[in-house]
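Asks: Okay, here's the structure, questions in a sec.
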Amino acid sequence: MASSSTITNAGVGSGNDFESIISQSVAAKRQQITSRTTTKKAEVEIERDGVNSLKSALKTFEKVCEDMTKDNSMNTHKVTTTLPTDCKVFDLTCKEDCVNTNFDICVTQLASAENMKMSLKNKDSGGTFNNSFAAGSITIDLGKETYTDDKGVEQTRERTFTVDINEGDTIEMVRKRLNENDFDFTCNLITTKDGYSLSFTAGTTGKDTSQIQVSTTTTGEAGEGKDSLSLFNTTALATDADGKATDIDYGNWTHTEGKDCIIKVDGEEVSSHTNTFDKQISGISLTVNRLSETETTTDAEGKAVTGFKSYNVNIDSDYDACASKMQSFVNAFNTLMSSVDKLTKRNTYSDGKNKYDGGDLAGDSQAKSIQSTLQNMIVRFNTENAEGKTIFDCGLKYEKDGTLSLDSTKFKDSLKKSFNSVTSMFTGENGLLDKLKEYTKDYTKSAGILDDRADNLKKTIDSWTAKEEKNEKYLEDYENSLRKKYGNLDSLLSGYNTSMSYVSSILSGTM
């Protein structure tokens, strides 16, 4: 590209088309000096893209192997219950350490939070409530709470907060201020025909998880149409050594203590502060949605007895799910092999010129080596289970094209006969998938083998980019020199043309 100080329309003076000559000369020079640079840079960029694609394909395969080699990943179960389809009393899920089992569950009580209620009767209904408070403050004490911090250490904290009440605040404003807390404590208000129904509810469910106490300070003048905040007060009549109230006078409040959720497992009572049982039943997580249905039975004396109904739960190994997981590994391996085949497909040539119609890593030895190694690791994996069987005796098959297939029926039969030893061969420590995972990790990890290769390719691309910039500067200087050359020639020819016109005019006698 010409600079602003050079002639940009060569040939104007003489009438010759020097502009076309310059353009064609620059184009020819560009083709001469940039073709190799551009081609080489493009080839390296294609290779870099291929390396990134190879890493991505290996990472996907590694993730499948990693998920399946986690503890108890193949320990899948199916749950059947006698729950009616229209009566979802509970939901049950199996954890990774679940075992086959059978038991009866009956839900007899749902978890609830501690609650306090109060009626505020206005004067029009024979009460004394003005709905305009004297200034002061309200303190809510929910008791101590035990929790686990970010480091897994059990901690205890006080759950207490205070809100300021302004002179003339209404019960609606009091509700709003009390609900602005960090402990999930809620204040609810209902407008009734006689005034208001006010309730306080703790933020946690379960027995003894909270102990609501209310204390107030009135700084304004109560009376004369102003309500005293003291109507909210509760009083601790007795406390234990830790200062916890053992007996409370709830004053104007009607108090309901929090309750645990209670279920019976094979007749044994099990409780939880919430409606979720996550640790009480080993290997199982249970969430209660409602109470069990009621039923009437006859006792030993022949008397009718109404009680809560029990539901049977049966947990058994899900061999279909195991086979499905193993099939996902087979699919992941075959997908990886297909990806490598596409990446390493060789280019074809026409008249000695590369058509670049192959893969981004056409004929790449490293990619083919990875593929060959993974295939050999499977073929040569010779660990036997307790019955002397190999992975190929348990339904896995290595095909002639280097892919895998799975005989699900044969695999499930092997699991039924020797579940632990079969899964150990495939997904246990030093099992097939564990070894494949560890091998691919060297290539997929950050700053690993493929990252190093990609970094080196980037350096090469940068060097070719620098050469392209250098070539552009050279072409700019080359075009400027041509414009200067042809500009001088244009001036010279323009002068000749002027002289010739002058001579011709003399000879023709027009002067």
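Just so we're aligned: the sequence shown equals residues 8 to 518 in the working numbering.
Glycine is no exception: its CB is placed at the ideal position from the N, C-alpha and C atoms.
Quantities reported herein were computed from a predicted structural model and do not represent experimental measurements.
Can you give me the Cβ contacts of N240 inside the same chain, cut-off strictly under 7 angstroms, excluding the 5 residues immediately before and after it?
Replies: For the purposes of this step, residue 240 is taken as residue 233 along the sequence shown, with counting starting at 1. Here the set comprises V221, S222, T223 and G258.
Asks: Taking the beta strand (DSSP E) that S292 falls in, what are its first and last residues?
Replies: By 1-based counting over the sequence shown, the position of residue 292 is 285. It spans I291 to V295 - the beta strand (DSSP E) in which S292 sits, taken as one unbroken run.
Asks: Apply the 10 Å Cβ neighbour rule to I377 and answer buried if 16 or more other Cβ atoms are within range, or exposed otherwise.
Replies: Here residue 377 is taken as the residue at index 370 of the sequence shown, counted from 1. Under this definition I377 is a buried residue.
Asks: What does the alpha-carbon distance come out to for the pair T313 and S299?
Replies: For the purposes of this step, residue 313 is identified with residue 306 of the sequence shown, where counting begins at 1. For the purposes of this step, residue 299 is identified with residue 292 of the sequence shown, where counting begins at 1. In this structure, the CA atom of T313 is about 12 angstroms from the CA atom of S299.
Asks: What three-state label does DSSP hand T355 in the structure shown?
Replies: Sequence index remark: in the sequence shown, residue 355 carries index 348 (1-based). DSSP places T355 in coil when its eight states are reduced to three.
Asks: Roughly how many angstroms separate the alpha carbons of L6 and N463, rounded to a whole number?
Replies: Here the chain covers residues 8 to 518 and nothing more, so residue 6 does not appear.
Asks: Per DSSP, what kind of secondary structure is A9 in: helix, strand or coil?
Replies: Here residue 9 corresponds to residue number 2 of the sequence shown, with the count starting at 1. Residue placement at A9 is poorly supported in this model, since its pLDDT is 45, which falls under 50; the coordinates still yield a value, given next. A9: coil per DSSP, three-state reduction.
Asks: How about T397 and E391: are their beta carbons less than 8 angstroms apart?
Replies: Reading the sequence shown from its first residue, position 390 is the one you call residue 397. Reading the sequence shown from its first residue, position 384 is the one you call residue 391. In contact: T397 and E391 (Cβ atoms closer than 8 angstroms).
Asks: Beta-carbon within less than 6 angstroms of T7's beta-carbon, same chain only, minus the 5 sequence neighbours each way: which residues are those?
Replies: Beyond the ends of the chain as shown, which are 8 and 518, falls residue 7; an answer cannot be given.
Asks: Are L489 and V58 touching if we call contact CB-CB under 8 angstroms?
Replies: Stepping through the sequence shown from its first residue, residue 489 is reached at position 482. Stepping through the sequence shown from its first residue, residue 58 is reached at position 51. The answer is no: Cβ separation not under 8 angstroms.
Asks: If distances are taken between C-alpha atoms only, which option among M344, G366 and V347 comes closest to N354?
Replies: Translated into the one-based positions of the sequence shown, residue 354 becomes position 347. For N354, the nearest C-alpha among the options comes from G366.
Asks: For S80, name the three-state secondary structure that DSSP assigns.
Replies: Along the sequence shown, read from residue 1 onward, the residue named residue 80 stands at position 73. Coil.
Asks: Are F190 and G210 touching if we call contact CB-CB under 8 angstroms?
Replies: Here residue 190 corresponds to residue number 183 of the sequence shown, with the count starting at 1. Here residue 210 corresponds to residue number 203 of the sequence shown, with the count starting at 1. In this structure, G210 lies closer than 8 angstroms to F190 by Cβ.
Asks: In angstroms with no decimal places, state the Cα-to-Cα distance between T261 and N122.
Replies: Walking along the sequence shown from the start, residue 261 turns up at place 254. Walking along the sequence shown from the start, residue 122 turns up at place 115. So the two alpha carbons sit approximately 8 angstroms from each other.
Asks: Is R387 helix, strand or coil when you go by DSSP?
Replies: Translated into positions along the sequence shown, residue 387 becomes position 380. R387 falls in the coil class under three-state DSSP.
Asks: Assuming N296 and K95 make a contact with CB atoms under 8 angstroms, what is their CB distance in whole Å?
Replies: Sequence index remark: in the sequence shown, residue 296 carries index 289 (1-based). Sequence index remark: in the sequence shown, residue 95 carries index 88 (1-based). Yes, N296 and K95 are in contact; Cβ-Cβ is about 5 angstroms, under 8 angstroms.
Asks: Out of C72, M81 and Q39, state which residue places its alpha-carbon closest to the alpha-carbon of E423.
Replies: In the sequence shown, residue 423 corresponds to position 416, counting from 1. A small fix is needed here, since residue 423 is Lys in this sequence, not Glu. Of the listed residues, the one whose Cα sits closest to K423 is M81.
Asks: What separation, rounded to the nearest whole angstrom, lies between the Cα atoms of L238 and T146?
Replies: Position 231 of the sequence shown, counting from 1, holds the residue named residue 238. Position 139 of the sequence shown, counting from 1, holds the residue named residue 146. Straight-line Cα distance between these residues: approximately 13 angstroms.
Asks: Just the Cα atoms here: how many angstroms apart are K271 and S279?
Replies: Walking along the sequence shown from the start, residue 271 turns up at place 264. Walking along the sequence shown from the start, residue 279 turns up at place 272. Cα-Cα distance, rounded: 12 angstroms.
Asks: Identify which residue in Y481, G232, S289 and F336 has its Cα closest to the Cα of S412.
Replies: For the purposes of this step, residue 412 is taken as the residue at position 405 of the sequence shown. Out of Y481, G232, S289 and F336, the CA that lies nearest to the CA of S412 is found in F336.
Asks: Less than 8 angstroms between the beta carbons of L149 and I219, yes or no?
Replies: Within the sequence shown, numbered from 1, the residue matching residue 149 stands at position 142. Within the sequence shown, numbered from 1, the residue matching residue 219 stands at position 212. With respect to I219, L149 sits close: the two C-beta atoms are nearer than 8 angstroms.
Asks: Indicate the three-state DSSP secondary structure (helix, strand or coil) for S331 in the structure shown.
Replies: As a working note, residue 331 is residue 324 in the sequence shown. Reduced to three states, the DSSP call for S331 is helix.
Asks: Can you tell which of T83, F433 and D371 has the C-alpha that lies nearest to the C-alpha of M384?
Replies: Counting from 1 along the sequence shown, the entry for residue 384 is found at position 377. The option with the nearest alpha carbon to M384 is F433.
Asks: Pick out the complete beta strand (DSSP E) segments inside the region 448 to 518, 3 residues or longer, and give them in chain order.
Replies: none
Asks: Using the three-state DSSP reduction, which class does A374 fall into: helix, strand or coil?
Replies: By 1-based counting over the sequence shown, the position of residue 374 is 367. If DSSP states are grouped into helix, strand and coil, A374 belongs with the helices.
Asks: Considering only the beta carbon of each residue, do H84 and D273 sit closer than 8 angstroms?
Replies: Within the sequence shown, the letter at position 77 stands for residue 84. Within the sequence shown, the letter at position 266 stands for residue 273. For H84 and D273, no; Cβs fall outside 8 angstroms.
Asks: If you check the beta carbons only, do A330 and L350 fall under 8 angstroms apart?
Replies: On the sequence shown, position 323 is the one that residue 330 refers to. On the sequence shown, position 343 is the one that residue 350 refers to. Between A330 and L350, the gap from beta carbon to beta carbon reaches 8 angstroms or more.
Asks: DSSP three-state call for S379: helix, strand or coil?
Replies: Taking the sequence shown and counting its residues from 1, the one referred to as residue 379 is at position 372. S379 falls in the helix class under three-state DSSP.
Asks: If A141 sits next to S235, beta carbons under 8 angstroms apart, how far is it from one beta carbon to the other, in whole angstroms?
Replies: Here residue 141 refers to the residue found at position 134 when the sequence shown is read from its first residue. Here residue 235 refers to the residue found at position 228 when the sequence shown is read from its first residue. Sure, about 6 angstroms apart at Cβ, within 8 angstroms.
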